[in-house]
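Taken in sequence, the protein lines are chains F and S.
Heads up: the first sequence runs through residues 16 to 161, numbered per this note's numbering.
Heads up: the second sequence runs through residues 16 to 161, numbered per this note's numbering.
C-beta: ideal position from N, C-alpha, C; glycine also.
In what follows, a single structure is set out as structure tokens and then discussed.
2 protein chains.
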Amino acid sequence: MGPLLKRAFTSLLRGIDVKMQPLGLTAMQWEPLALIYYENVDTVAALARESQVNCGSMTRMLDRLESKGLLRRRRSATDRRVVHLELTAKGRQVARAIRPLALEAVAQHLSDFKPAEVSVLIQLLERMVTNGSRLNDDNSDADDQP
Amino acid sequence: MGPLLKRAFTSLLRGIDVKMQPLGLTAMQWEPLALIYYENVDTVAALARESQVNCGSMTRMLDRLESKGLLRRRRSATDRRVVHLELTAKGRQVARAIRPLALEAVAQHLSDFKPAEVSVLIQLLERMVTNGSRLNDDNSDADDQP
DNA sequence: CCGAAGTAGTTGCCTTGACAAATATTGCCC
DNA sequence: GGGCAATATTTGTCAAGGCAACTACTTCGG
């Protein structure tokens, strides 16, 4: 069961990877670009929150994207702690192509699913996440603190 | 949908991580030990195949486990290319504890699932994997080679 | 039997993620 | 207004995975 979830996840990742190759992106790099472009998320912390990674990881992801010339950092004038992200022209061009490609990869993995089955899958995964965060986040486990 | 799968997967990983901490293992390190102990898989290549990672990654995983004193490498006498893995006494002791803990973590994520729902989830994930490998492995995509 | 091809394992270099410590800045309380 | 907690970002260190190059061995074809 655990291994199955891993295989499904990595299979989807590989599919996305293939789709993103023409854009020069990896399977992970599209997400920050999409969040900036489609959702107007424009700070490191907000991106990290939305992507479910920590700020340190996001900083380095942005380093890579910046070195590819896809985005720029600009220190905020109103709160000098925060860095605002903005896509370059090239970044916007790449970002525009992301959504359709990502949807293609997902669609391929669900190619023989009936719409109802997709809903069921989503609902079951959501419940797994809920059950999981109930245990991982608000810790009330009796195993360690009796 | 992609993000959801990622969240479910990482949530399960974190759950397993917590369970394995008392053993001094990470969420990834239990798998090779379990394969050696429960399935008698005892070469690098076989472990890599079962775990769905490449040999290079497995080599380094085994480095870490070996440096923790959980297993030993022994060059095969009959085919001097292959390395046989064997658990140390400590390794066997740790491995014995793995299965119940891993099952606990899975059970927590499926705590409110009816048995039928578990079956459905497994079946849907398996179909995703099948659809995915049909596209990732035997490549007959028309996008690149017309 | 010998050379070519294939296989097992290791290593180098890169991406990605987690966690912790350090820095800079803001906001809040007295 | 000054100290202190909270917040944003960066950097170091580590685990983990992918791919490619390399070594050592085995096997197979002639």
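Query: 7 Å Cβ shell around residue 22 of chain F - same chain, five flanking residues per side excluded; Result: none
Query: Nearest-angstrom Cβ-Cβ length linking residue 120 of chain S and residue 31 of chain S, presumed shorter than 8 Å; Result: 4 Å
Query: Chain S within 7 Å of residue 134 of chain F, Cβ atoms only; Result: no
Query: Where the region 98-117 of chain S meets chain F: residues whose CB sits under 8 Å from a CB there; Result: 117
Query: Proximity test, Cβ basis, 7 Å: residue 22 of chain F and chain S; Result: yes
Query: First through last residue of the beta strand (DSSP E) which encompasses residue 22 of chain F; Result: Here residue 22 of chain F belongs to no beta strand (DSSP E); instead the alpha helix (DSSP H) covers 17-35.
Query: Where residue 147 of chain S falls, given that 16 or more other Cβ within 10 Å makes a residue buried; Result: buried
Query: Whether residue 19 of chain F touches residue 140 of chain S by CB criterion (7 Å); Result: yes
Query: Coil, strand or helix - residue 62 of chain F by DSSP; Result: helix
Query: Terminal residues of the beta strand (DSSP E) in which residue 98 of chain S lies; Result: 98-102
Query: Counted within 10 angstroms of its Cβ, other Cβ atoms place residue 17 of chain F as buried (16 or more) or exposed; Result: buried
Query: Within chain F, the residues that residue 56 of chain S reaches when beta carbons sit closer than 7 Å; Result: In chain order: nothing, as chain F lies at least about 13 Å away.
Query: Close Cβ partners of residue 125 of chain S (< 7 Å) along its chain, the five nearest in sequence each way excluded; Result: 133
Query: Any C-beta of chain S under 7 Å from that of residue 140 of chain F; Result: yes
Query: Simplified DSSP assignment, three categories, for residue 136 of chain F; Result: helix
Query: Beta-carbon spacing of residue 98 of chain S, residue 90 of chain S below 7 Å; Result: yes
Query: Own chain, CB closer than 8 Å to residue 114 of chain S, minus 5 neighbours either side, in chain order; Result: 49, 53
Query: CB contact flag (residue 101 of chain S, residue 87 of chain S, <7 Å); Result: yes
Query: C-alpha gap between residue 105 of chain S and residue 82 of chain S, whole angstroms; Result: 12 Å
Query: Simplified DSSP state of residue 84 of chain F, which is helix, strand or coil; Result: coil
Query: Cβ-based burial, residue 37 of chain F [other Cβ within 10 Å; buried from 16]; Result: exposed
Query: Where residue 138 of chain F falls, given that 16 or more other Cβ within 10 Å makes a residue buried; Result: exposed
Query: Under 8 Å from the C-beta of residue 25 of chain F: neighbouring residues of chain S; Result: 67
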